[in-house]
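Going by mature numbering (1 follows the signal peptide of the UniProt record, and there is no 0), the letters in the sequence shown line up with residues -20 to -1, 1 to 94, in that order.
This report refers to the structure that appears directly beneath it.
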Amino acid sequence: MKMKQRRAAFSFAAVLAVMATTGEQPVVVASSSGAILLEGTVVTMNAAREVIPSGRVLVRDGRIVAVWRGSAPPQGVDVTDAERAPPGQHAYIYPGLINLHDHPFYGVLPPGNK
């Protein structure tokens, strides 16, 4: 049961990461194989600070397996079992990063609550 919860949470987080800059409603992608293929502009954290337009990120069982440019995966990378997350219109993918800062809706907390 814990593995199903982990996969569901990962699927939700992966789709939110793709949709974060679009303003679109997120779509949850469930993957029975544990593999999700994200498509969009990939902002890497390599030394060259490379940005990959039309990039792909394959995540399997919560780990980044591959990052590449274009639709053809690198040799030896199998994407046949991966669920494709629907790309947003302006999807930016930051592999390995999570959002540690956000602003909740201002009506969530009652006034004066500490």
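Beta carbons: idealized from backbone N, C-alpha and C, even for Gly.
Only a predicted model underlies this, so the values are computations on that prediction, with no experimental measurement involved.
Val31 and Leu38 do not touch by the CB rule: their CB atoms are close to 18 Å apart, not below 8 Å. A distance below 8 Å separates the beta carbons of Leu17 and Val59. DSSP lists Arg36 as the beta-bridge partner residues of Glu19.
The straight-line gap separating the alpha-carbon atoms of Gln55 and Glu19 is approximately 18 Å. Glu63 sits in a strand when the DSSP states are folded into three classes.
For Ile73, the closest of Val22, Gly14 and Ser13 by C-alpha to C-alpha distance is Val22. The shortest CA-to-CA distance from His70 to any of Gly35, Asp41, Ser51 and Asp61 is the one to Gly35.
Between Gly76 and Arg40, the gap from beta carbon to beta carbon reaches 8 Å or more.
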